[in-house]
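Enquirer: Residue numbers (this note's numbering): 213 to 588.
We put the CB at the ideal spot given by N, CA and C, even for glycine.
Since the structure is predicted, the reported quantities are computational estimates derived from the model, not experimental observations.
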């Protein structure tokens, strides 16, 4: 499967919505699995043709950018083993996801989207059965370890142990102007098309959209972005990274609406992920669980909600008294049926805030006071 935020349909377990403005109707999004890449080229008063063509009239600026930055863009493959379903007991199935990443340090640190590597996050219940493999443009491959991730910003860092790594340079996304040329590098549709380059312009800046109820300010570009490009680079004419490709709108009759996280907004988050493995101040509950649907509830006589599989020791959930085999049915006075709903409530708060949590244990409801700890 390929990952990128595709504005149409629905993602694995539920719908994702994108809001471009108050005037526009909500559009459904699909997290297509991993990455989308774009490169941006500065215009600075020149026509696109003039920017594309170098002084000697033979080699284009895009060609030079591709040669310079292409080796720094990698393919990422995430493979995870997961239960086939509630009904199959211990039977496991294998899922494969492919996306893109950017080498940002000679020590092997790679920046990407969180949704590209999310199952490798130790906080995810599937992390122990998930592997990450990185593919370089020179043919080298290496297993990667998860360094840190931030679901709210959709950013993550992984690390490989290889020498002589080509590092991408960082640009200044605050200096961008609408109309500048944009080039995207990534792996559309997966590793089969690794290192693909597409060209467009910066269509808009500070475009506010909501993805899974998380509001993000993104760069808009018409450079082609496709499933598999998520985590790839959006570059300027100097071959500097000015964005991390993240999402696109894919609707009938709609073309050229791609989005990237501004690199200036990503820098401080990436630095914290490398230094601490997390972003300071983010709220954390400390549970992993299985979503209980109406059907499962009926068959197994379990309340609809989140069946708790694991509680992290010392977490807010642990201190509140939530235990394995409880079913979380309400958080902050709101009924919850999915982990996404739990996350959406949690993300309205900061570490140290307290909310009510209602669980069912042995068919009895318990109202607990849960204080969010800091996500680590």
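Kindly provide the ranges of any alpha helix (DSSP H) runs that are 4 or more residues long and lie completely inside the stretch 464–519, ordered along the chain.
Expert: If we require 4 residues or more, the alpha helix (DSSP H) runs fully inside the stretch 464–519 come out as 475–487 and 506–512.
Enquirer: Here's the rule: buried if 16 or more other CB atoms are within 10 angstroms of the residue's CB, otherwise exposed. What is residue 441?
Expert: Residue 441 comes out buried.
Enquirer: Based on the DSSP secondary-structure assignment, which residues constitute the bridge partners of residue 304?
Expert: Note: residue 304 sits in a beta bridge opposite 295.
Enquirer: List the endpoints of the continuous beta strand (DSSP E) containing residue 428.
Expert: Taken as a continuous stretch (DSSP letters only), the beta strand (DSSP E) holding residue 428 covers 426–433.
Enquirer: Confirm, please, whether the CB-CB distance from residue 323 to residue 366 is below 9 Å.
Expert: For residue 366 and residue 323, no; Cβs fall outside 9 Å.
Enquirer: According to DSSP, simplified to helix, strand and coil, what is residue 326?
Expert: Reduced to three states, the DSSP call for residue 326 is helix.
Enquirer: Would you kindly work out how many angstroms separate the C-alpha atoms of residue 480 and residue 574, rounded to a whole number?
Expert: So the two alpha carbons sit approximately 45 Å from each other.
Enquirer: Mind reading off the beta-carbon distance from residue 407 to residue 349? Whole number of angstroms is fine, and I expect it under 8 Å.
Expert: Between residue 349 and residue 407 the Cβ distance is about 5 Å, and since that is below 8 Å, they are a contact.
Enquirer: Helix or strand or just coil, what does DSSP make of residue 239?
Expert: Residue placement at residue 239 cannot be trusted, given a pLDDT of 38 that sits under 50; what the coordinates show is reported in the next sentence. The answer is strand: DSSP assigns residue 239 an E or B state.
Enquirer: Distance, Cα to Cα, residue 562 vs residue 524?
Expert: Cα-Cα distance, rounded: 18 Å.
Enquirer: Is it buried or exposed for residue 332, if we count other Cβ within 10 angstroms and need 16 for buried?
Expert: Looking at its Cβ environment, which holds 16 or more other Cβ atoms inside 10 Å, residue 332 is buried.
Enquirer: Using a Cβ-Cβ cutoff of less than 8 Å, which residues in the same chain neighbour residue 257 once the five nearest sequence positions on both sides are dropped?
Expert: Residue confidence is low: residue 257 scores 42 on pLDDT, short of 50, so the model does not pin down where it sits. Its coordinate-derived value is still stated next. Same-chain partners within the cutoff: there are none.
Enquirer: Rank 584, 383, 330 and 405 by C-alpha distance to the C-alpha of residue 494 and give the top, closest one.
Expert: Cα-wise, what sits closest to residue 494 is 584.
Enquirer: Going by C-alpha to C-alpha distance, which of 559, 557, 582 and 560 sits closest to residue 569?
Expert: Comparing Cα positions, the closest option is 582.
Enquirer: Taking the alpha carbon of residue 411 as the reference point, which residue from 421, 395, 352 and 381 has its own alpha carbon closest?
Expert: Nearest of 421, 395, 352 and 381 to residue 411, Cα basis: 395.
Enquirer: Between the C-alpha atoms of residue 457 and residue 486, what's the straight-line distance to the nearest angstrom?
Expert: Taking the straight line joining both Cα atoms gives about 20 Å.
Enquirer: Any idea if residue 577 is buried or exposed, counting beta-carbon neighbours within 10 angstroms, 16 or more meaning buried?
Expert: So residue 577 counts as exposed.
Enquirer: Please name the residue in 482, 272 and 378 whose C-alpha comes closest to that of residue 492.
Expert: The option with the nearest alpha carbon to residue 492 is 482.
Enquirer: Is residue 362 helix, strand or coil by DSSP?
Expert: Three-state result, residue 362: strand.
Enquirer: Please determine, among 514, 314, 385 and 369, the residue with the shortest C-alpha to C-alpha distance to residue 454.
Expert: Taking only the C-alpha atoms, the option nearest residue 454 is 385.
Enquirer: Grouping DSSP H, G and I as helix and E and B as strand, with all else coil, what is residue 404?
Expert: Looking at residue 404 - three-state DSSP - the assignment turns out to be helix.
Enquirer: CA-CA distance, residue 413 and residue 432?
Expert: Going from the Cα of residue 413 to the Cα of residue 432 covers about 9 Å.
Enquirer: Thinking C-alpha only, which one of 451, 439, 437 and 419 is nearest residue 474?
Expert: Nearest of 451, 439, 437 and 419 to residue 474, Cα basis: 419.
Enquirer: The beta strand (DSSP E) with residue 396 in it runs from where to where?
Expert: First-last of the beta strand (DSSP E) with residue 396: 393–398.
Enquirer: Between residue 315 and residue 417, is the Cβ-Cβ spacing less than 9 Å?
Expert: Contact flag unset, no.
Enquirer: Leaving out the 5 sequence neighbours to the left and right, which residues in its chain are closer than 6 Å to residue 499 when beta-carbon positions are compared?
Expert: Taken in chain order, the residues that qualify are 520, 523 and 529.
Enquirer: Work out the CA separation of residue 403 and residue 351 for me, nearest whole Å.
Expert: Going by the C-alpha atoms only, they are around 12 Å apart.
Enquirer: Kindly indicate which three-state DSSP category residue 561 falls into: helix, strand or coil?
Expert: Note: residue 561 maps to coil in three-state DSSP.
Enquirer: State buried or exposed for residue 330, treating a residue as buried only when at least 16 other CB atoms are found within 10 Å of its CB.
Expert: Counting Cβ neighbours within 10 Å, residue 330 comes out buried, since at least 16 surround it.
Enquirer: Using only CA atoms, which one of 535, 306 and 372 lies nearest to residue 357?
Expert: Ranking the options by Cα distance to residue 357, first place goes to 372.
Enquirer: Could you give the distance in angstroms between the alpha-carbon of residue 288 and the alpha-carbon of residue 547?
Expert: Approximately 36 Å, taken between the alpha carbons.
Enquirer: Quick one: is residue 353 buried, meaning 16 or more other Cβ sit within 10 Å of its Cβ, or exposed?
Expert: Exposed.
Enquirer: Residues in the same chain with beta-carbon distance under 7 Å from residue 509, minus the five sequence neighbours each way, listed in chain order, please.
Expert: Taken in chain order, the residues that qualify are 515 and 516.
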